[in-house]
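Chains A and B, in that order, give the protein sequences. Whatever position you read off the first sequence (first residue = 1), add 188 for my numbering. Whatever position you read off the second sequence (first residue = 1), add 503 for my numbering. Reviewing the structure listed below.
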Amino acid sequence: MNLKRSRVVKGIVAAGLTVALTSGIALASIGTGTVTASSLRLRSEATVQSATLAYAPYSSQVSILAEAADGWYKVSYDGLEGYMSADWLDVELTGAEADQEAAGLRQGTVTADVLNVRSGPGTGYSKVGSLQKGATVSITDESHAGWYGILSGSVKGYVSAEYIDLAPAPETEDPQPDASPEEPPETEPETETRQGTVTADVLNVRSGAGTGYSKVGSLQKGATVTITGETNGWYAITSGSIEGYVSAEYIDLAPLGGSSNAPAADETPGSDETEPQRGMVNTSALNVRSGPGTGYSKVALLSRGTSVTITGETDGWYAITAGSIEGYVSAEYITILDGSNASDGSVGAAAAAMAKSLVGSPYVYGASGPYSFDCSGLLYYIYKQLGYPIARGSSSQYNQSGYFVSADEIQPGDLVFFFDPRYDSSGGTLPTTHAGIYVGNNQFVHASSSIYGVRYDSLFGGYWDSYIVGFKRIA
Amino acid sequence: MAEQKGGLMYKGHPLRRKGNLIYYGSMADKYIIMIQVMGTQQDGDLEIASKVHLQLQLTDPDLKSRDRVVKKSDLPDLFSAIDMGSIWLMRALSGK
Chain A
189 MNLKRSRVVK GIVAAGLTVA LTSGIALASI GTGTVTASSL RLRSEATVQS
239 ATLAYAPYSS QVSILAEAAD GWYKVSYDGL EGYMSADWLD VELTGAEADQ
289 EAAGLRQGTV TADVLNVRSG PGTGYSKVGS LQKGATVSIT DESHAGWYGI
339 LSGSVKGYVS AEYIDLAPAP ETEDPQPDAS PEEPPETEPE TETRQGTVTA
389 DVLNVRSGAG TGYSKVGSLQ KGATVTITGE TNGWYAITSG SIEGYVSAEY
439 IDLAPLGGSS NAPAADETPG SDETEPQRGM VNTSALNVRS GPGTGYSKVA
489 LLSRGTSVTI TGETDGWYAI TAGSIEGYVS AEYITILDGS NASDGSVGAA
539 AAAMAKSLVG SPYVYGASGP YSFDCSGLLY YIYKQLGYPI ARGSSSQYNQ
589 SGYFVSADEI QPGDLVFFFD PRYDSSGGTL PTTHAGIYVG NNQFVHASSS
639 IYGVRYDSLF GGYWDSYIVG FKRIA
Chain B
504 MAEQKGGLMY KGHPLRRKGN LIYYGSMADK YIIMIQVMGT QQDGDLEIAS
554 KVHLQLQLTD PDLKSRDRVV KKSDLPDLFS AIDMGSIWLM RALSGK
């Protein structure tokens, strides 16, 4: 092949790769990633054997399109779509907004042992993830025969409808007006105001009630907002000079009675007012009801791992709030994150309690919850739920997240890092091959393998202590 | 670390260094920690350990050297090695 013809062929191949990668259903961004390597390859497939499409220098920003299996992300960079290694990306997923989208959508359950999630509605589309049997999904698109568009945690894509068991359509998608008598009526948002506090580290303020609206500002954790209305899980707020809409998931509502316009909070007679505690749903799907008993109507459904604020307890039922959702849940399915499961209510103790509640979850490489995890994904999920986002990959967590503590000072919630050269694929350039979370009594919890899933193991004196390389505390 | 006449002490056990070998603990005890600096890197004008080999060893003189190694690990810096070594030594000497 002469030189000119070779160049033409290479050009056609490059164009073909570009078309192939950009054809099909375009995925919405699920977050952003920052390159932490000096130069990170954008590859055509999720494997080091595939072609390099581009090089992203240190601190480049990429758009995360999907979590692919085997420690890769599908990304968009410099107008190209491809795959980058998760170990060299500091990823910030907009799971908050993804979770917000799921609220109110029809739910389904995976019936196959392992179900592929694809980038489009057909087997010709690339695989972007997988779901285990029993995983709950939110149905986002039913317009393609035989395929559902779904959202499950941070995984978004299409699955074969044959392997989804749909839940009955909910009678109502929004809380019943009379389930929360203290909520301002939707027809009079301007006359009822309430205070709230930002719980996310940084919360986007948008020009409208949805992620499709432009960002007009941001609020730091702890900022106070005045809520002037609510639309589909979004609050209209003002905070100082900022005015716009924020996701209700990240606003902690102040108890009524602090506002001069609102009636005193008293949801049902006889409820015990206790100091607010935080808890986490420990079952796959938990009904939220309008009162403390199964005879009350369902107002919402919470998935495993959802954080709730417990505002009262009555006869084995907790009065809870979770974002814009208020109601009652059976106490049996809530793991307390501070209080009885945590000796001092610290963030680390809460993290350890959450880790213990996730023991038994399946291991899936590339997964970061809420139903399956890889080793660093488990830590990432736990601290994200607690409002302390950390890096995604174990080496990135080791290098960037928290601060080092010595082995004789470790406390529940501290991250434990391991390096086993037998599992090192970086040629010794990465500091870790595995990670877990210490839970006290010489035990740590980790997403071990596809055989053992998330499990307990002894830290010192057993198999693992020869591979420990350090401990880090997040908060 | 406290400094006594005759050498350094760390958490109640002596530290002795010769070249790239550091021994933590005493030959009079049943176990001792050996730390070996395998690689270094420049950090400003300092050369610091970047790859450190750690061994928990029995001190029984009748054992061949390879039979004395109870367990071993490779760590990215000297602090981590001494940190882990002190835990290993404490647990071993307390019979755990």
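Built from N, CA and C at the ideal position, the CB exists for glycine as well.
Taking the C-beta atoms as reference points, A:GLY515 is found nearer than 7 Å to A:SER478.
Closest in C-alpha terms to A:THR499, from the list A:LEU489, A:TRP276, A:TYR484, A:PRO480, comes A:PRO480.
The Cβ-Cβ distance between A:TYR438 and A:ALA397 does not fall below 7 Å.
For B:MET541, the closest Cβ of chain A is not nearer than 7 Å.
Counting along the chain, B:ILE585 sits inside the alpha helix (DSSP H) bounded by residues 581-596. Taking the C-beta atoms as reference points, A:ILE338 is found no nearer than 7 Å to A:ARG294. Only buried fits A:LYS572, as 16 or more other CB atoms lie within 10 angstroms of its CB. Listed as beta-bridge partners of A:ILE662 by DSSP are no residues whatsoever. In the DSSP secondary-structure assignment, A:MET542 is not bridged to any residue.
In the three-state reduction of the DSSP assignment, A:ASN587 falls in the helix class. Secondary structure at A:ASP596: helix, using DSSP grouped into helix, strand and coil. Taking 8 Å as the upper bound for CB-CB distance, A:LYS660 and A:TYR568 are not in contact here, some 13 Å apart. For A:ARG229, the beta-bridge partners assigned by DSSP are A:TYR243. In this structure, the straight-line span from the alpha carbon of A:GLN383 to that of A:THR412 is close to 7 Å. Contact annotation for A:VAL657 against chain B: LEU578, PRO579, SER583 [CB-CB distance below 7 Å, chain order]. For B:GLN539, the enclosing beta strand (DSSP E) starts and ends at 534-546. Cα atoms of A:TYR265 and A:ASP562: separation of roughly 25 Å, rounded to the nearest angstrom. Residue A:ALA539 holds the alpha-carbon nearest to the alpha-carbon of A:TYR626 among A:GLY310, A:GLY581, A:ALA539.
With contacts defined by Cβ atoms closer than 7 Å, B:TYR527 and B:ALA595 do not form a contacting pair.
Following the DSSP letters along the chain, one finds A:ASP329 inside the beta strand (DSSP E) bounded by residues 324-332.
Under a 10 Å Cβ-count criterion, A:PRO245 is classified as exposed, with fewer than 16 other Cβ atoms of the shown protein chains found around its own Cβ. One thing to note: A:VAL535 has its Cβ no nearer than 7 Å to the Cβ of A:LEU566. Under the DSSP definition of a beta bridge, A:ARG306 partners with A:LYS315, A:TYR346. For the pair A:TRP276 and A:LEU228, the CB atoms are nearer than the 7 Å cut-off.
Here A:ASP653 is buried. Its C-beta has 16 or more other C-beta atoms within 10 Å. Nearest to B:GLY542 by alpha-carbon distance, out of B:SER529, B:LEU557, B:ASP532, is B:LEU557.
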